[in-house]
Amino acid sequence: EQVQLEPLALLAPGGASVGNTLACSFRLTNPNASRRQWRWLQETLSPEDPGCALHVEMMPSGGCLEAGETAEVEVTVCGGAVGVLRRTLLLGVSPAGETLRLPLEMRVASP
Numbered sequence: 026e027q028v029q030l031e032p033l034a035l036l037a038p039g040g041a042s043v044g045n046t047l048a049c050s051f052r053l054t055n056p057n058a059s060r061r062q063w064r065w066l067q068e069t070l071s072p073e074d075p076g077c078a079l080h081v082e083m084m085p086s087g088g089c090l091e092a093g094e095t096a097e098v099e100v101t102v103c104g105g106a107v108g109v110l111r112r113t114l115l116l117g118v119s120p121a122g123e124t125l126r127l128p129l130e131m132r133v134a135s136p
C-alpha cells in the first residue's frame, strides 16, 4: 500500500442548505520507508453528472509525505442543488502511479 487514507469516505449526513459550505477533513499516512508524493486529480464532470452540483475545494491539494509522515487535508464542500449529492475525489500517488478513491456524500436541503 502506497499511502493510507483515513477515513475511507467523507459522509456529511447532517449536511447543509443550498449555497452553504461544510468543512471536513481526511488524513493521508505514508507507511513506507521512502517519500511519496500525492495530488488531487480534479476531474471534469459533465453538466448532466449529479456530482457537478457538489462544489469541492481541497487544501492542500497536493504534497509530499516523508516516511511515516501523516498529513491532514481540509475539504470544503458546497451543494448547489437539493438532495443527497455524491462525488468521488481522486488522489494520485507517486512514484507508483496509484490512484486513491475517496467517496464524498452530502445531504443538501433547501434554504
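One gets this note's numbering by counting positions in the sequence shown from 1 and adding 25 to each.
Where is the CB? At the ideal position from N, CA and C, for every residue including glycine.
Everything numeric in this text was worked out from a predicted model, so none of it was measured.
Do the region 103-110 and the region 49-67 meet, that is, are 3 or more Cβ pairs less than 8 Å apart? no
Tell me which residues share the same chain as E143 and place their Cβ nearer than 6 Å to its Cβ, disregarding the 5 neighbours each side in the sequence. Nothing can be reported for residue 143: it is not among the residues displayed for the chain, which extend from 26 to 136.
Pick from L127, L110, V109 that is closest to L116, judged by C-alpha positions: The sequence position of residue 116 within the sequence shown is 91, counting from 1. Looking at the Cα atoms, L127 is the closest of the given residues.
Could you give the residue range of the beta strand (DSSP E) that holds S119? Start at 1 with the first residue of the sequence shown, and residue 119 comes out as number 94. Residues 108-119.
Considering only C-alpha positions, which residue in the set C89, S135, A134, P75 is nearest to P120? As a working note, residue 120 is residue 95 in the sequence shown. Residue C89 is the option with its Cα nearest to P120.
Rounded straight-line distance, which links the Cα of M131 to that of P38: Here the question's residue 38 lines up with position 13 in the sequence shown. Here the question's residue 131 lines up with position 106 in the sequence shown. Straight-line Cα distance between these residues: approximately 6 Å.
Whole-number beta carbon distance between L66 and T124, since they are thought to touch under 8 Å: Start at 1 with the first residue of the sequence shown, and residue 124 comes out as number 99. Start at 1 with the first residue of the sequence shown, and residue 66 comes out as number 41. Contact flag correct, Cβ pair sits at about 7 Å.
N3 classed as buried or exposed, judged by whether at least 16 other C-beta atoms fall within 10 angstroms: Outside the shown range of the chain, which is 26 to 136, sits residue 3, and nothing can be said about it.
Report yes if the CB atom of G76 is closer than 9 Å to the CB atom of V133, and no otherwise. Looking up residue 76 in the sequence shown gives position 51. Looking up residue 133 in the sequence shown gives position 108. No.
Beta-carbon contacts of R112 that lie in its chain and below 6 Å, excluding the five residues immediately before and after: In the sequence shown, residue 112 corresponds to position 87, counting from 1. Closer than 6 Å at the Cβ level, and outside the excluded window around R112, lie G76, L79, L129.
Given P136 as reference, the closest of T69, S42, L30 once Cα atoms are compared: Taking the sequence shown and counting its residues from 1, the one referred to as residue 136 is at position 111. P136 has its Cα closest to that of S42, out of T69, S42, L30.
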